[in-house]
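Asker: Dropping the structure in here first, questions after.
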Amino acid sequence: MAIQVKVLERPIRQTSYVRAMLKGMAITFKHLTNPHKVTWQYPEQKWDLSPRWRGTHRMLTDENGKAKCVACGLCPQICPANCIKLVPGEDEEGNRYPLVYEIDEFRCIFCGYCQEVCPEEAIHVGRHYENSEYSRAGFVYDLERLMAQTHPVCEMWDPADPRGE
Ligand code: SF4
Ligand code: SF4
Numbered sequence: 000m001a002i003q004v005k006v007l008e009r010p011i012r013q014t015s016y017v018r019a020m021l022k023g024m025a026i027t028f029k030h031l032t033n034p035h036k037v038t039w040q041y042p043e044q045k046w047d048l049s050p051r052w053r054g055t056h057r058m059l060t061d062e063n064g065k066a067k068c069v070a071c072g073l074c075p076q077i078c079p080a081n082c083i084k085l086v087p088g089e090d091e092e093g094n095r096y097p098l099v100y101e102i103d104e105f106r107c108i109f110c111g112y113c114q115e116v117c118p119e120e121a122i123h124v125g126r127h128y129e130n131s132e133y134s135r136a137g138f139v140y141d142l143e144r145l146m147a148q149t150h151p152v153c154e155m156w157d158p159a160d161p162r163g164e
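Numbering (numbering that gives the first Met the number 0), first residue to last: 0 to 164.
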């Protein structure tokens, strides 16, 4: 059987690269002359973060300065990135507390599940993103470091206000 070649006719409007290039250049020049440029001089200028921004974690404390965590184990259980390490302890009165509590911010995907699931509203994702480090180990936040964070915490998604308006 002979092989046949079917030649497709395409209108010049779809194949003209000159036309596409001119269109692109027009957009570039439009932005060059735009007085409202979007280049920000970071770190002098910073974005106003959304109240729902999920960044660096923070462990809240009670009136005695102790972590509000009761080592229930829910947050390491639900964490999809498996980046929370908890070793629970118990005092002589039977109160549970975290002997070890660590979050690897490098592995975290900032889903916010830990905040949602915490019955004590102890652990929170925070409205903070400037947490770069020179080593992976530097991203592991222990309890003391989590408690020392002072940035605002994230407002969780509210089904009554899905768009945050
Ligand atoms: S925000 Fe998500 S991934 Fe990060 S520690 Fe919490 S549960 Fe794990
Ligand atoms: S869910 Fe809250 S109380 Fe439970 S282990 Fe995590 S931080 Fe502690």
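Quick reminder that beta carbons are idealized off the backbone N, C-alpha and C, glycines included.
Being a predicted model, the structure only gives us computed values, none of them experimental.
Assuming E89 is part of the beta strand (DSSP E), what are its boundary residues?
Answerer: From DSSP, the beta strand (DSSP E) with E89 extends over 83-89.
Asker: Would you check if there are 3 or more beta carbon pairs closer than 8 Å linking the segment 121-132 to the segment 48-61?
Answerer: Yes: at least three Cβ pairs fall under 8 Å.
Asker: Assuming contact is defined by CB atoms lying nearer than 8 Å, are P97 and A66 in contact in what I supplied?
Answerer: Going by C-beta atoms, P97 is nearer than 8 Å to A66.
Asker: Determine the contact status of P50 and E154, defining contact as a CB-CB distance below 8 Å.
Answerer: Yes, the pair counts as a contact, with Cβ atoms nearer than the cut-off.
Asker: Considering only heavy atoms of ligand 1, does any lie closer than 7 Å to the CB of C74?
Answerer: Yes, the Cβ of C74 comes within 7 Å of a heavy atom of ligand 1.
Asker: Quick one: complete beta strand (DSSP E) runs, 3+ long, within the segment 57-129?
Answerer: Runs of the beta strand (DSSP E) inside the segment 57-129: 83-89, 95-103, 122-125.
Asker: Compute the Euclidean distance between the alpha carbons of K45 and W52, then round it to the nearest angstrom.
Answerer: In a straight line, the C-alpha of K45 is about 14 Å away from that of W52.
Asker: Let me make sure I understand the geometry here. Which of E91, C117, L7 has the alpha-carbon closest to that of Q76?
Answerer: That would be C117, whose Cα lies nearest to the Cα of Q76.
Asker: Between the alpha carbons of W152 and G111, how many angstroms are there, rounded?
Answerer: Looking at the sequence shown, residue 152 is not Trp but Val. Distance between the alpha carbons of V152 and G111: 11 Å.
Asker: At a cut-off of 7 Å, is V17 close to ligand 1 when judged by its beta-carbon and the heavy atoms of the ligand?
Answerer: No; taking the cut-off as 7 Å, the Cβ of V17 has no heavy atom of ligand 1 nearer than that.
Asker: Relative to ligand 2, is the shortest distance from any of its heavy atoms to the C-beta of L59 smaller than 7 Å?
Answerer: No; taking the cut-off as 7 Å, the Cβ of L59 has no heavy atom of ligand 2 nearer than that.
Asker: For C107, tell me which candidate among P10, V86, N130, T38 has the shortest Cα-Cα distance.
Answerer: C107 has its Cα closest to that of N130, out of P10, V86, N130, T38.
Asker: Taking the CB atoms as reference points, tell me whether T55 and Y100 lie closer together than 8 Å.
Answerer: The answer is no: Cβ separation not under 8 Å.
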